[in-house]
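Working notes, structure below.
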Amino acid sequence: MNTPAHLLIGAAAFARPARGRILWAAVLGSLLPDLSLYLMAGVSLHILNIPPHVVFDELYFSPQWQTVFAIDNSFILWGLALALGLWRGWRVLTVAASAGLLHLLMDFGLHAGDGRPQFWPLSDWVFHSPVSYWDTSHHSIWVMPVSIALCVGSYVVLWSRGLSVSAKLFFALLLAAEIWVARQWVLFF
Numbered sequence: 386m387n388t389p390a391h392l393l394i395g396a397a398a399f400a401r402p403a404r405g406r407i408l409w410a411a412v413l414g415s416l417l418p419d420l421s422l423y424l425m426a427g428v429s430l431h432i433l434n435i436p437p438h439v440v441f442d443e444l445y446f447s448p449q450w451q452t453v454f455a456i457d458n459s460f461i462l463w464g465l466a467l468a469l470g471l472w473r474g475w476r477v478l479t480v481a482a483s484a485g486l487l488h489l490l491m492d493f494g495l496h497a498g499d500g501r502p503q504f505w506p507l508s509d510w511v512f513h514s515p516v517s518y519w520d521t522s523h524h525s526i527w528v529m530p531v532s533i534a535l536c537v538g539s540y541v542v543l544w545s546r547g548l549s550v551s552a553k554l555f556f557a558l559l560l561a562a563e564i565w566v567a568r569q570w571v572l573f574f
C-alpha cells in the first residue's frame with residue numbers, strides 16, 4: 386500500500402483524539418515501516434546518482450536493504466513495542482505501535498514479489514501475495530479503488546473528529562498524493 390494511504394488509515398484507526406501527540410503518534414507509527422525505503426532510495430537516487438532501475442530492481446532486493454526492511458517491518462518488533470506500551474500504560478507508544486502493526490498487516494497481503502521478511506528475527510520467510518497494490522499484472526486494478534475508498538473514508542473520519550485547519554490540510558494533501566500515485570501506478574505499471 387502507498388505510504389499516504391498508510392498514514393490516512395492509521396490516523397483514522399488510532400488517533401482518538403485526532404490532535405496533539407496521539408494524532409502524530411498514529412502518523413509516525415504508520416510512516417516508520419516505510420521510512421527506511423524513502424531514506425535509502427532518496428540517498429541512492431539523489432545524492433549517489435544511482436539510476437532508478439538499479440535502486441528498485443537490484444538494491445531493493447539486496448541482502449543489505451532487505452535486512453533493514455526486515456527490522457522495520459517486523460511483526461515481532463512492532464508487537465513487542467505494542468506489548469511494552471500496553472504494559473507500561475504509555476498511550477503514545479501504544480498508538481504508534483498499533484498504527485505500525487496495521488501498516489504491516491495491510492502490506493502483508495498486498496506485496497506480490499516485493500514483500501518483506503516480516504517475521505524477523507525468527508525467520509527470513511517472505512509471503513509472496515498473489516495481489517499487489519501497484520502491479521496491474523497482480524490485480525492492482527481491483528485493489529486501487531478499494532484503497533482510494535478507504536483513504537477517502539479515513540479522511541472523512543478524521544475531519545469529523547475536529548482536526549485543526551493545518552491537520553485538515555495535511556491529510557487533504559496526503560489524500561491527493563494517494564490518488565495521484567494510484568493514477569501513476571495504473572498508467573505506468
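Numbering (my numbering), first residue to last: 386 to 574.
The C-beta atom is built at its ideal place from N, Cα and C for all residues, glycine as well.
Arg-404 - DSSP class collapsed to helix/strand/coil: Looking at Arg-404 - three-state DSSP - the assignment turns out to be coil, as it is neither helix nor strand.
The stretch 537 to 544 in contact with the stretch 555 to 564 per 3-pair CB rule at 8 angstroms: With three or more CB-CB distances shorter than 8 angstroms, the stretch 537 to 544 counts as touching the stretch 555 to 564.
Local conformation of Ala-398 per DSSP, three classes: In the three-state DSSP reduction, Ala-398 falls in the helix class (H, G or I).
Assigned exposure category for Asp-442 - 16 Cβ within 10 Å defines buried: So Asp-442 ends up on the exposed side.
Secondary structure of Gly-474, DSSP reduced to three states: Gly-474: coil per DSSP, three-state reduction.
Delimiting residues of the alpha helix (DSSP H) encompassing Ser-539: Ser-539 -> alpha helix (DSSP H) spans 525 to 545.
Under the three-state DSSP convention, the category Glu-443 falls into: DSSP places Glu-443 in coil when its eight states are reduced to three.
Alpha helix (DSSP H) segment containing Trp-505, residue limits: Where Trp-505 is concerned, there is no enclosing alpha helix (DSSP H), given that its DSSP letter is neither H nor E.
Same chain only: Cβ atoms within 6 angstroms of Asp-509, ignoring 5 sequence neighbours per side: Residues of the same chain with a CB within less than 6 angstroms of the CB of Asp-509, apart from the 5 flanking positions on each side, are Pro-502 in chain order.
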